[in-house]
Amino acid sequence: MDLAMNSGFSHEWAAIWVNLILILAVLFAFSAMLSWIERRLLGLWQDRCGPNRVGPFGVLQIVADSIKLLTKEDWIPPFADRAVFVLAPAIVAVTTLLAFAVVPIAPGLGVVDLNIGLLFFLAMSSLGVYSIVLGGWASNNKYSLLGGFRAAAQMLSYEVFMGLALMGVVMLAGSFNLRDIVAAQENLWFCIPQILGLATFAVAGIAEARRLPFDLPESENELVAGFHTEYSSMKFGLFFIGEYVGITLISAMIVTLFFGGWLGPLLPPLVWFLLKTLIVIVCFVLLRAALPRPRYDQLMTYGWKVMLPVTLVNLLITGAVVLSAA
Amino acid sequence: MWNSLKTMWIVFLHMFHRRATIQYPDEKPNIPPRWRGRIILSRDPDGEERCVACYLCAAACPVDCIALQATEDEHERRYPEFFRINFSRCIFCGYCEEACPTDAIQLTPDFEMGEYNRKNLVYEKEDLLIDGTGKYPGYNFYRVAGVTIGGKNKGEAENEASPVDPHSLLP
Chain A
1 MDLAMNSGFS
11 HEWAAIWVNL
21 ILILAVLFAF
31 SAMLSWIERR
41 LLGLWQDRCG
51 PNRVGPFGVL
61 QIVADSIKLL
71 TKEDWIPPFA
81 DRAVFVLAPA
91 IVAVTTLLAF
101 AVVPIAPGLG
111 VVDLNIGLLF
121 FLAMSSLGVY
131 SIVLGGWASN
141 NKYSLLGGFR
151 AAAQMLSYEV
161 FMGLALMGVV
171 MLAGSFNLRD
181 IVAAQENLWF
191 CIPQILGLAT
201 FAVAGIAEAR
211 RLPFDLPESE
221 NELVAGFHTE
231 YSSMKFGLFF
241 IGEYVGITLI
251 SAMIVTLFFG
261 GWLGPLLPPL
271 VWFLLKTLIV
281 IVCFVLLRAA
291 LPRPRYDQLM
301 TYGWKVMLPV
311 TLVNLLITGA
321 VVLSAA
Chain B
1 MWNSLKTMWI
11 VFLHMFHRRA
21 TIQYPDEKPN
31 IPPRWRGRII
41 LSRDPDGEER
51 CVACYLCAAA
61 CPVDCIALQA
71 TEDEHERRYP
81 EFFRINFSRC
91 IFCGYCEEAC
101 PTDAIQLTPD
111 FEMGEYNRKN
121 LVYEKEDLLI
131 DGTGKYPGYN
141 FYRVAGVTIG
151 GKNKGEAENE
161 ASPVDPHSLL
171 P
């Protein structure tokens, strides 16, 4: 503490830095482990074993994968737009990590306590699309470009009702602050009064994280690998990390907004939060294992003609209930 | 929507199914005897080489991975002077086995032939030749064929009648 005082840092600043670095380290480690968890789960549901060779139960698979990624040639195609090509993967990692800053993990644990936390999260997840679009554009490859186009259209459509789906929660909690929203669920988790909001937000969240069944920007079997076709080595690794942090982020947000965040009996708040997040992630993996990818026009139709009206109806009902109660 | 949920439930239930995976190096797969794997050269029941160096296997080979040179021993019995199979080329099609008139060349259920050095995949005759008869235990080409070798004249093979003596037909 003396050292911190001498170097001009107050005690609170030191605490914030420790908090931040700890959360970052845990988040990275968890997102890395997520690739192993996902592959094991997919194996489990496809009557296979999944990676089980490296280390006990294959948990060190990600170490082997990282070594492979780091030792691969870092190739920028000669026809690519160099500056943008390098910038694009950084954006997705930065925006998802920044969005994670507002997630209230447990009382006193979390990077920042913004009073517009929810809006910040929505803004960051909207910025994430730039990474995909610019990556697809800078690659100067028709498949990447198609992937980028799809990403732009998909994210734009699904962002509309992603925000609207959360307005019901905001009405009930009366705040954009995520800690207030968690605190407002003390008596009843919002997954019950906001069941429609939960359904639409989960769908939009999967689309935002570009996960199967909504991975149209990537769709291996039509677009090779979509927007990251030309990426290799750690630039691809950043997209990869961005995707897994994105899944963790969406799951954490679903838990925070609809399943009472850290609230729960007996166990400590942190354990409750991690447990709930993990369960939501497992559900996402199950979705991936079970559902096929929709056609592009079906995706659009689904977004605009089904999900948007449902969120609007949800908004109307919630508004009416809140007004009549007041 | 209902269909999707049902699909998810069915996929979830697969968690409790048996794994289809065979954990290979720990657990060996059951390989059928007709599997086309590592090629061997067999011997006849007398312990002699079955191969008569007829080149039919080399001619049948679609990738030209078999090389051999015919020669004869002091009993006029043909055998390969060298017999070389380049397994880095071999596609394990089994045409050599089909072409072989003496059942000498055979494919076996062994497939674990990994090497760090490509040159080690070129097998010479001493690598290929086995001590036994392989898949055809009783077969001995020179015992049933009408060809003359030292110690066996025409008409002395199994189920072979003595050749007709044209001089006996003379009046």
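Top line first, the protein sequences correspond to chains A and B. Quick note: the first sequence, position 51, residue 51 per the UniProt record's numbering, numbers continuous. Quick note: the second sequence, position 122, residue 122 per the UniProt record's numbering, numbers continuous. By construction, the Cβ of each residue, glycine as well, lies at the ideal position given by its N, Cα and C atoms.
Requested in this report: Go ahead and label residue 189 of chain A buried or exposed: buried means 16 or more other beta carbons lie within 10 angstroms of its beta carbon, across all protein chains shown.
Outcome: buried
Query raised in the report: My guess is that residue 42 of chain A and residue 55 of chain A are in contact by the Cβ rule of under 8 Å, so how many angstroms apart are they, rounded?
Result: With a Cβ gap of about 19 Å, residue 42 of chain A and residue 55 of chain A do not count as contacting.
Query raised in the report: Name the residues in the stretch 270-294 of chain A whose C-beta lies less than 8 Å from a C-beta of chain B; which are they?
Result: 286, 287, 289, 290 and 291
Query raised in the report: Contact check, residue 38 of chain B vs residue 111 of chain B under 8 Å by CB: the rounded distance?
Result: 7 Å
Query raised in the report: Bridge partners of residue 122 of chain B, per DSSP?
Result: B:86
**Report entry** Nonlocal neighbours in the same chain, by C-beta distance under 7 Å from residue 85 of chain B, ignoring five residues either side
**Finding:** 39, 65, 66, 123 and 128
Query raised in the report: Who are the Cβ neighbours of residue 44 of chain B in its own chain at under 6 Å, not counting the five residues just before and after it?
Result: 50 and 140
Query raised in the report: How would you write the range of the beta strand (DSSP E) that residue 72 of chain B sits in, first residue to last?
Result: 66-72
Query raised in the report: Residues of chain B with CB under 7 Å from residue 44 of chain A, in chain order?
Result: 15
Requested in this report: Look at residue 185 of chain A and residue 264 of chain A and say whether their C-beta atoms are less than 8 Å apart.
Outcome: no
Query raised in the report: DSSP puts residue 43 of chain B in a beta bridge; with which residues?
Result: B:49
Query raised in the report: Whose CA, out of A:295, A:262 and A:45, lies closest to the CA of residue 15 of chain B?
Result: A:45
Query raised in the report: Any beta-carbon of chain B closer than 8 Å to the one on residue 47 of chain A?
Result: yes
Query - Within chain A, the residues that residue 8 of chain B reaches when beta carbons sit closer than 9 Å - result: 283, 286, 287, 289, 290 and 291
Report task. Have a look at the DSSP bridge pairing and note the partners of residue 152 of chain B. Result -> B:149
Query raised in the report: Quick one, which of B:56, B:42, B:159 and B:21 has its alpha-carbon nearest residue 48 of chain A's?
Result: B:21
Query raised in the report: Is residue 186 of chain A helix, strand or coil when you go by DSSP?
Result: coil
Query raised in the report: What whole-angstrom Cβ distance do residue 78 of chain B and residue 53 of chain B have, given they're in contact under 8 Å?
Result: 5 Å
Requested in this report: Pick helix, strand or coil for residue 61 of chain A, following the three-state DSSP scheme.
Outcome: helix
Query - As assigned by DSSP and simplified to three states, the class of residue 80 of chain A - result: coil
Query raised in the report: Can you pull the DSSP bridge partners for residue 78 of chain B?
Result: B:72
Query raised in the report: DSSP on residue 216 of chain A, reduced to helix/strand/coil?
Result: coil
Requested in this report: Take residue 107 of chain A as the anchor and find which of A:31, A:19 and A:287 has the nearest alpha-carbon.
Outcome: A:19
Query raised in the report: What did DSSP end up calling residue 123 of chain A once you bin it into helix, strand or coil?
Result: helix
Query raised in the report: Is the distance from the Cβ of residue 93 of chain A to the Cβ of residue 238 of chain A below 8 Å?
Result: yes
Requested in this report: Can you tell me which of B:74, B:108 and B:71 puts its alpha carbon nearest to the alpha carbon of residue 135 of chain B?
Outcome: B:108
Report task. Please check the pair residue 196 of chain A and residue 314 of chain A, which I expect to be a contact at CB under 8 Å, by giving their CB distance rounded to whole angstroms. Result -> 4 Å
Query raised in the report: First and last residue of the beta strand (DSSP E) that includes residue 46 of chain A?
Result: Per DSSP, residue 46 of chain A belongs to no beta strand (DSSP E) and is neither H nor E.
Query raised in the report: Going by beta carbon distance, what residues of the same chain come within less than 8 Å of residue 4 of chain A, once the five residues before and after it are set aside?
Result: The predicted model places residue 4 of chain A with a pLDDT of 45, which falls under 50 and marks its position as unreliable, so this point remains unresolved.
Query raised in the report: Can you give the Cα-Cα distance for residue 175 of chain A and residue 88 of chain A, rounded to whole angstroms?
Result: 33 Å
Query raised in the report: Terminal residues of the continuous alpha helix (DSSP H) containing residue 105 of chain B?
Result: Not the alpha helix (DSSP H): residue 105 of chain B falls in the beta strand (DSSP E), residues 105-107.
Report task. Using only alpha-carbon positions, find the residue among B:150, B:160, B:96 and B:11 that is nearest to residue 72 of chain B. Result -> B:150
Query raised in the report: Is residue 193 of chain A near residue 172 of chain A, with beta carbons less than 8 Å apart?
Result: yes
**Report entry** Proximal residues, the stretch 82-102 of chain B versus chain A, C-beta separation under 7 Å
**Finding:** none
Query raised in the report: DSSP three-state call for residue 93 of chain B: helix, strand or coil?
Result: coil
Requested in this report: Consider the Cβ of residue 19 of chain B: report whether some Cβ of chain A lies at a distance smaller than 8 Å.
Outcome: yes
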